[in-house]
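Chemist: For the sequence shown, the positions run 120 to 263 when this note's numbering is used.
Using N, Cα and C, we set each Cβ at its ideal position, and we do this for glycine too.
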Amino acid sequence: MTTQNSTLSDNQIIRMLQDARVRPSIHRMTVLSYVANRRTHPTAEEIFNAITAEFPTVSKTTVYNSLHTLVEAGLLRELEIESASTRYDLARQTPHSHFRCKCCGKIFDMSLPEQLDSVVAPGFKVDTADLYFNGLCPECAENN
């Protein structure tokens, strides 16, 4: 697992793909690196727009197919923080929640309290949990 603030090198990206038994194509590496190293929880459209500067001939289909492969391999997670907009986050990192600012739209990683295990009833095994907060970030709260 990685932490929310670490930057992954090309070699680490390749290793992650190989460990997940995913062929490290240039497009998969670029998509995974973009999501992992920017931590902005981008949409597929944002990823596409960002990587076309480096790969002008890349298609949206290639980006969507790469995202699908990376999600299926457990390298990325889909986040449904807002309706009609799937965002992506690195899957293998310290468990955390997300905060969406209703003013600027930015999404921030938030740590989880250690007592979270006490919420789950005995006998239940949690595979994934998603906790989303909505409100104003400090900058927007100061300006409103």
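Return the first residue and the last residue of the alpha helix (DSSP H) that residue 259 is part of.
Modeler: On the sequence shown, residue 259 is found 140 positions in, with the first residue counted as 1. Per DSSP, residue 259 belongs to the alpha helix (DSSP H) from 257-262.
Chemist: Please return the same chain residues whose Cβ sits closer than 7 Å to the Cβ of residue 169, not counting the five positions on each side in sequence.
Modeler: Walking along the sequence shown from the start, residue 169 turns up at place 50. Closer than 7 Å at Cβ, skipping near neighbours: 153.
Chemist: Indicate the three-state DSSP secondary structure (helix, strand or coil) for residue 227 in the structure shown.
Modeler: Counted from its first residue, the sequence shown places residue 227 at position 108. In this structure, residue 227 counts as strand in the three-state DSSP scheme.
Chemist: With DSSP run on the structure shown, which of helix, strand or coil describes residue 250?
Modeler: For this step, residue 250 is matched to residue 131 along the sequence shown. In this structure, residue 250 counts as coil in the three-state DSSP scheme.
Chemist: Answer yes or no: do residue 147 and residue 178 have a C-beta to C-beta separation smaller than 8 Å?
Modeler: Taking the first residue of the sequence shown as 1, we reach residue 147 at position 28. Taking the first residue of the sequence shown as 1, we reach residue 178 at position 59. Result no, Cβ atoms of residue 147 and residue 178 do not sit closer than 8 Å.
Chemist: Is the distance from the Cβ of residue 139 to the Cβ of residue 195 below 8 Å?
Modeler: For the purposes of this step, residue 139 is identified with residue 20 of the sequence shown, where counting begins at 1. For the purposes of this step, residue 195 is identified with residue 76 of the sequence shown, where counting begins at 1. It is not a contact, given that the beta carbons lie outside the stated cut-off.
Chemist: Would you kindly check if the distance between the Cβ of residue 132 and the Cβ of residue 151 is under 8 Å?
Modeler: Position 32 of the sequence shown, counting from 1, holds the residue named residue 151. Position 13 of the sequence shown, counting from 1, holds the residue named residue 132. It is a contact, given that the beta carbons lie within the stated cut-off.
Chemist: Under the three-state reduction of DSSP, which class applies to residue 140: helix, strand or coil?
Modeler: Looking up residue 140 in the sequence shown gives position 21. Correct three-state label for residue 140: coil.
Chemist: Could you please give the first and the last residue of the uninterrupted beta strand (DSSP E) stretch that includes residue 173?
Modeler: Against the sequence shown, residue 173 aligns to sequence position 54. Residue 173 -> no beta strand (DSSP E), and no H or E assigned at all.
Chemist: For the beta strand (DSSP E) that residue 205 lies in, which residues bound it at each end?
Modeler: Start at 1 with the first residue of the sequence shown, and residue 205 comes out as number 86. Unbroken beta strand (DSSP E) run through residue 205: 204-209.
Chemist: For residue 157, report the span of its beta strand (DSSP E) as first-last.
Modeler: Counting from 1 along the sequence shown, the entry for residue 157 is found at position 38. Where residue 157 is concerned, there is no enclosing beta strand (DSSP E), although the alpha helix (DSSP H) it sits in stretches over 145-157.
Chemist: Residue 162: which of 215, 224, 250 and 129 sits nearest, CA to CA?
Modeler: The residue labelled residue 162 in the question sits at position 43 within the sequence shown. When only C-alpha atoms are compared, the closest one is 224.
Chemist: Can you find the residues in the same chain that come closer than 6 Å, C-beta to C-beta, to residue 251, ignoring five residues on each side of it along the sequence?
Modeler: On the sequence shown, residue 251 is found 132 positions in, with the first residue counted as 1. Once the five neighbours on either side are set aside, the close Cβ partners of residue 251 are 200 and 217.
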